[in-house]
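Engineer:
There are 2 protein chains.
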Amino acid sequence: MHYAARMKLVKPSAIRELLKLGEDPSIISFGGGYPDPSLFPTDGLAESYRSTITEHGRTALQYSASSGLRRLREQVAARVANDGTACDPDQVLILQGAQQGLDLVGKMLIDSGDTVLTENPTFLGALVAFNPYQPRYHAIAMDGDGIDTDAVDAFFRGGGRAKFLYTVPDFQNPTGVTMSLARRQRLVELARTHDFIILEDSPYRDVRFQGPAIPTLLSLDTDGRVIHLGSFSKILAPGLRLGWAVAPQPVIDKLTLLKLAADTQCSTLNMLATSRFLDAHDIEAQIARIRDIYRGKRDLMLAMLRAHFPQSVEFTEPNGGLFTWLTFPAGFDTAQFMAEQAVPLAKVAYVPGATFFPTDGPCNHARFSFSTQSDEAIEAGVARLGALLRKTL
Amino acid sequence: MHYAARMKLVKPSAIRELLKLGEDPSIISFGGGYPDPSLFPTDGLAESYRSTITEHGRTALQYSASSGLRRLREQVAARVANDGTACDPDQVLILQGAQQGLDLVGKMLIDSGDTVLTENPTFLGALVAFNPYQPRYHAIAMDGDGIDTDAVDAFFRGGGRAKFLYTVPDFQNPTGVTMSLARRQRLVELARTHDFIILEDSPYRDVRFQGPAIPTLLSLDTDGRVIHLGSFSKILAPGLRLGWAVAPQPVIDKLTLLKLAADTQCSTLNMLATSRFLDAHDIEAQIARIRDIYRGKRDLMLAMLRAHFPQSVEFTEPNGGLFTWLTFPAGFDTAQFMAEQAVPLAKVAYVPGATFFPTDGPCNHARFSFSTQSDEAIEAGVARLGALLRKTL
Numbered sequence: 001m002h003y004a005a006r007m008k009l010v011k012p013s014a015i016r017e018l019l020k021l022g023e024d025p026s027i028i029s030f031g032g033g034y035p036d037p038s039l040f041p042t043d044g045l046a047e048s049y050r051s052t053i054t055e056h057g058r059t060a061l062q063y064s065a066s067s068g069l070r071r072l073r074e075q076v077a078a079r080v081a082n083d084g085t086a087c088d089p090d091q092v093l094i095l096q097g098a099q100q101g102l103d104l105v106g107k108m109l110i111d112s113g114d115t116v117l118t119e120n121p122t123f124l125g126a127l128v129a130f131n132p133y134q135p136r137y138h139a140i141a142m143d144g145d146g147i148d149t150d151a152v153d154a155f156f157r158g159g160g161r162a163k164f165l166y167t168v169p170d171f172q173n174p175t176g177v178t179m180s181l182a183r184r185q186r187l188v189e190l191a192r193t194h195d196f197i198i199l200e201d202s203p204y205r206d207v208r209f210q211g212p213a214i215p216t217l218l219s220l221d222t223d224g225r226v227i228h229l230g231s232f233s234k235i236l237a238p239g240l241r242l243g244w245a246v247a248p249q250p251v252i253d254k255l256t257l258l259k260l261a262a263d264t265q266c267s268t269l270n271m272l273a274t275s276r277f278l279d280a281h282d283i284e285a286q287i288a289r290i291r292d293i294y295r296g297k298r299d300l301m302l303a304m305l306r307a308h309f310p311q312s313v314e315f316t317e318p319n320g321g322l323f324t325w326l327t328f329p330a331g332f333d334t335a336q337f338m339a340e341q342a343v344p345l346a347k348v349a350y351v352p353g354a355t356f357f358p359t360d361g362p363c364n365h366a367r368f369s370f371s372t373q374s375d376e377a378i379e380a381g382v383a384r385l386g387a388l389l390r391k392t393l
Numbered sequence: 001m002h003y004a005a006r007m008k009l010v011k012p013s014a015i016r017e018l019l020k021l022g023e024d025p026s027i028i029s030f031g032g033g034y035p036d037p038s039l040f041p042t043d044g045l046a047e048s049y050r051s052t053i054t055e056h057g058r059t060a061l062q063y064s065a066s067s068g069l070r071r072l073r074e075q076v077a078a079r080v081a082n083d084g085t086a087c088d089p090d091q092v093l094i095l096q097g098a099q100q101g102l103d104l105v106g107k108m109l110i111d112s113g114d115t116v117l118t119e120n121p122t123f124l125g126a127l128v129a130f131n132p133y134q135p136r137y138h139a140i141a142m143d144g145d146g147i148d149t150d151a152v153d154a155f156f157r158g159g160g161r162a163k164f165l166y167t168v169p170d171f172q173n174p175t176g177v178t179m180s181l182a183r184r185q186r187l188v189e190l191a192r193t194h195d196f197i198i199l200e201d202s203p204y205r206d207v208r209f210q211g212p213a214i215p216t217l218l219s220l221d222t223d224g225r226v227i228h229l230g231s232f233s234k235i236l237a238p239g240l241r242l243g244w245a246v247a248p249q250p251v252i253d254k255l256t257l258l259k260l261a262a263d264t265q266c267s268t269l270n271m272l273a274t275s276r277f278l279d280a281h282d283i284e285a286q287i288a289r290i291r292d293i294y295r296g297k298r299d300l301m302l303a304m305l306r307a308h309f310p311q312s313v314e315f316t317e318p319n320g321g322l323f324t325w326l327t328f329p330a331g332f333d334t335a336q337f338m339a340e341q342a343v344p345l346a347k348v349a350y351v352p353g354a355t356f357f358p359t360d361g362p363c364n365h366a367r368f369s370f371s372t373q374s375d376e377a378i379e380a381g382v383a384r385l386g387a388l389l390r391k392t393l
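Those protein sequences? They're chains H and C, same order as listed. Going letter by letter, the first sequence gives residues 1 to 393 in UniProt numbering. Going letter by letter, the second sequence gives residues 1 to 393 in UniProt numbering.
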């Protein structure tokens, strides 16, 4: 088999191997960023699928438009409008999860050798999606307010060129950090000054535990420079594989052509049943329930980390989302510790941080997810790991 | 927006615009290759979705493996084994329809400028999927026995190079032609001699009206050179968006990494409900029903073409699938005729043939689908078009 050159960049990812570790029922895994399945609205969805197939089977099981079901695009557009951006349904493309948006935007924009700007660290799935298009990465430092916009400016002023900047501004994966309003305003301004596109990936946006929502980059942009990705995975269920892109219509038209080429369309049935669920149920109540549960899990995990981990281990205190980001003392290797001690001795898994750095990164970080495990498992897992760490550090 | 160079090859396709024409309810469209929706097993699927969500909601709505649900891969492997090829479930990747296989195989194999061999004409969706990877096409002539294997041999003996050959051997889209056994054997032999891969796309394979099935290229290959694509779209329902690839495991592993990058996975719910449907129902009986109905529609369309079209218009007599391919007198422009006469005067649409030729092709062909329209519409549409043609030709 003579593979294309791009396949050199397509390799199994550490996180995927780790999810396999987590499948061992004796291991408590804080690795996967899975939603808590007890929060899935199973009764409502069961009824929605039943009635969709029974009443509209011939439509629901047939081919439909590549751009996605019109009613569902209207519902997404209404949510986007409610979140601060006037949005026509023709500016919405329904995707096979937001992940597909990463693939299609990469395909649309990246020529081999182009530089993509990312946060440092950044979402691994974005790197996995972009890699086949053979970009180079320039990773920009973050702090508690998100990406360092001065560093973005300096990159361009120093002669750097990049087609787009990829960011997860709300409760970032993996750090849990949220970009401040001032940084967002500055970033949108910089995009205009230096002529680049912002790819705003915000699957966790509705999973906010406290404080008011900060305007999306999409809503701050007046220049058509933001492509925004959202998802039903965290507020409804990931098994439906439904997300969306919002962008100026000419961009959506291009992405729709790529969607058609890639997989024709999303499942008509999933789109129709989801649309029906949204019409028949109060999704805001569902989101409020998710927020309450995850807020409680975050509080529990942070309390347990404070109580059981050595003080030399720092961690972020996210205002939403699924993750906290741990920083161990310099030189501590979280991957080695996990393989040699955490998994065999404490029966606990997480994601070592090095995997989230687009280029070489430090080995002393880890991503802990608090969304999937039960309260009991969070307590037991953090306590066991803390006891082990106190012996080691 | 500074698009990647590959976007020059990403354009709206004629067939997509035509499907829009067909949406006008006053037009009888033989354009779209849609299954007859009255054949969808709606009751069985409604029950399958209801029980899947009710009994296994937490699993069905959650993330699952990128390679696809294990049980569904077993079921596909069993069908492939039944069709002449020993197949392990690890040699199966579940796809978002066979279309996704075209995208992922293109991504895996095509470097910019590589030559892809195709039949002439060929499936438009394959060209649409391959185009973003910037191949060149070398299209090989066909006759009633399928692709001209001597011409394939001559291409390579003349110094041509190509990584893979794309074929739809069973009831080809658009021509309805089936590749003979002798040609299949020769093609597999040539693949070994000249070191190329065969991409066998066979979504219509089970929709055979008469005669025994001819062995798949996959089953004839002993050298790991065939990637086979199949689909539930024609035997169950396209709205589920489920298809599969079968290939040697190292190739499936690469495709699985690309699937993960492209959209994480297929809908867990759709995979689980489809698997359950296959366990609970007799899919062979469903396929027999589809064959009977489409055979009747083929017979009707061919009889109507014989009765109403001028003798100067020739057409194929497919042994299966959804399509017949019409050849009008040399110089007759089927696209112009459709726009200026067939649609406005006869209220009938089809797909002009030029769109199916990878490089320049003649304008005197058309693809007629007999699968979607009712018997009454087939009768009325062909009669109206025939009357118009008799005035013109």
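No residue lacks a Cβ here, since even glycine has one placed at the ideal position from N, Cα and C. The model shown is predicted, which means the values in this text are computed figures rather than measured ones.
Could you check the C-alpha separation between isoleucine 28 of chain H and alanine 273 of chain C for me, to the nearest Å?
Structural biologist: 29 Å
Engineer: How many angstroms separate the CA atom of glycine 243 of chain C from the CA atom of proline 41 of chain C?
Structural biologist: 17 Å
Engineer: Buried or exposed: where does histidine 2 of chain H fall if 16 or more other Cβ atoms within 10 Å of its Cβ makes it buried?
Structural biologist: exposed
Engineer: For phenylalanine 130 of chain H and glycine 97 of chain H, which I take to be in contact (beta-carbon distance under 8 Å), what is that distance rounded to the nearest angstrom?
Structural biologist: Contact doesn't hold; Cβ gap of about 16 Å is too wide.
Engineer: Going by DSSP, what residues sit across from tyrosine 137 of chain H in a beta bridge?
Structural biologist: H:Val116
Engineer: Does DSSP put glutamate 317 of chain C in a helix, in a strand, or in coil?
Structural biologist: coil
Engineer: What is the DSSP secondary structure of alanine 366 of chain H, reduced to helix, strand or coil?
Structural biologist: strand
Engineer: So aspartate 103 of chain C contacts chain H; which residues on that side make the cut at Cβ distance below 8 Å?
Structural biologist: Ala261, Ala262 and Asp263
Engineer: Using a C-beta to C-beta distance shorter than 7 Å, which residues of chain C count as neighbours of alanine 245 of chain H?
Structural biologist: Near alanine 245 of chain H there are no residues of chain C at all, since even the closest Cβ is about 13 Å away, more than 7 Å.
Engineer: Tell me whether proline 12 of chain H is buried or exposed, calling it buried when 16 or more other Cβ atoms sit within 10 Å of its Cβ.
Structural biologist: A residue is called buried when at least 16 other Cβ atoms come within 10 angstroms of its Cβ; proline 12 of chain H does not meet this threshold and is exposed.
Engineer: In terms of DSSP beta bridges, what is threonine 167 of chain C paired with?
Structural biologist: Answer is C:Glu200.
Engineer: Ends of the alpha helix (DSSP H) at isoleucine 53 of chain H?
Structural biologist: 42-60
Engineer: Beta carbon of valine 80 of chain H, beta carbon of valine 246 of chain H: below 8 Å?
Structural biologist: yes
Engineer: Unbroken beta strand (DSSP E) runs of length 3 or more, entirely within the region 62-125 of chain H: which are they?
Structural biologist: Within the region 62-125 of chain H, the complete beta strand (DSSP E) runs of at least 3 residues are 92-95 and 115-120.
Engineer: Kindly indicate which residue of C:Asp36, C:Gly146 and C:Arg241 has the alpha-carbon position closest to the one of glutamate 200 of chain C.
Structural biologist: Here the closest residue by C-alpha is C:Gly146.
Engineer: Could you give the C-beta distance for leucine 258 of chain H and leucine 388 of chain H, rounded to a whole number, given that I count them as a contact under 8 Å?
Structural biologist: Leucine 258 of chain H to leucine 388 of chain H, Cβ: 47 Å. No contact.
Engineer: Please list, in chain order, all residues of the same chain as glutamine 62 of chain H whose beta carbon is under 8 Å from its beta carbon, the five residues on each side excluded.
Structural biologist: Thr268
Engineer: Could you name the residues that DSSP lists as bridge partners for aspartate 143 of chain C?
Structural biologist: Partner(s): C:Gly146.
Engineer: Name the chain H residues that come within less than 7 Å of glycine 267 of chain C, Cβ to Cβ?
Structural biologist: It should be noted that the sequence gives serine, not glycine, for residue 267 of chain C. For serine 267 of chain C, the neighbours in chain H by C-beta distance under 7 Å run, in chain order, Gly239, Leu240, Arg241, Ser267 and Asn270.
Engineer: For residue 405 of chain C, which residues of its own chain have a beta-carbon under 7 Å away from its beta-carbon, when the five flanking residues on both sides are left out?
Structural biologist: This structure cannot speak to residue 405 of chain C, because chain C is shown only from 1 to 393.
Engineer: Starting from alanine 285 of chain C, trace the alpha helix (DSSP H) in both directions and tell me its first and last residue.
Structural biologist: Note, alanine 285 of chain C: alpha helix (DSSP H), 283-308.
Engineer: Could you name the residues of chain H that glutamine 62 of chain C contacts, counting a contact when the two beta carbons are closer than 8 Å?
Structural biologist: Tyr34, Pro35, Pro37, Phe40, Ala237, Pro238 and Gly239
Engineer: Output the boundary residues of the alpha helix (DSSP H) element that contains glycine 381 of chain H.
Structural biologist: 375-392
Engineer: Among the candidates H:Thr167, H:Val152 and H:Val251, whose CA atom is the shortest distance from the CA of threonine 193 of chain H?
Structural biologist: Residue H:Val152 is the option with its Cα nearest to threonine 193 of chain H.
Engineer: State yes or no: is the beta carbon of lysine 234 of chain H nearer than 8 Å to at least one beta carbon in chain C?
Structural biologist: no
Engineer: Which bits of chain H does lysine 391 of chain C rub up against, with CB to CB less than 8 Å?
Structural biologist: Contact note: lysine 391 of chain C does not reach chain H at a C-beta cutoff of 8 Å; the least C-beta distance is about 34 Å.
Engineer: Under a three-way DSSP split, which group does isoleucine 252 of chain H fall into?
Structural biologist: helix
Engineer: List, in chain order, every chain C residue whose beta-carbon is nearer than 7 Å to that of glutamine 99 of chain H.
Structural biologist: Asp263 and Thr264
Engineer: By the criterion of Cβ-Cβ separation under 7 Å, what are the contact partners of leucine 124 of chain C in chain H?
Structural biologist: None at all; the shortest Cβ gap to chain H is about 11 Å.
Engineer: Sorted by chain position, which residues of the same chain lie with C-beta nearer than 8 Å to methionine 271 of chain H's C-beta, five sequence neighbours on each side aside?
Structural biologist: Around methionine 271 of chain H: Ser64, Gly68, Leu69, Leu72, Ile94 and Leu242.
Engineer: By alpha-carbon positions, which one of H:Arg306, H:Gln210, H:Leu240 and H:Val188 ends up nearest to leucine 217 of chain H?
Structural biologist: The shortest Cα separation from leucine 217 of chain H among H:Arg306, H:Gln210, H:Leu240 and H:Val188 belongs to H:Val188.
Engineer: Looking at the structure shown, is arginine 161 of chain C part of a helix, part of a strand, or coil, going by DSSP?
Structural biologist: Of the three classes helix, strand and coil, the one that applies to arginine 161 of chain C here is coil, per DSSP.
Engineer: If we call anything under 8 Å between Cβ atoms a contact, is isoleucine 385 of chain H one with serine 312 of chain H?
Structural biologist: In the sequence as displayed, the identity of residue 385 of chain H is leucine instead of isoleucine. For leucine 385 of chain H and serine 312 of chain H, no; Cβs fall outside 8 Å.
Engineer: For serine 275 of chain C, does the three-state DSSP call read helix, strand or coil?
Structural biologist: The three-state reading of DSSP puts serine 275 of chain C in helix, counting H, G and I together.
Engineer: Quick check on lysine 8 of chain C: buried or exposed, where buried means 16 or more other Cβ atoms within 10 Å of its Cβ?
Structural biologist: exposed
Engineer: Check this for me: beta carbons of threonine 149 of chain C and arginine 186 of chain C, under 8 Å apart or not?
Structural biologist: yes
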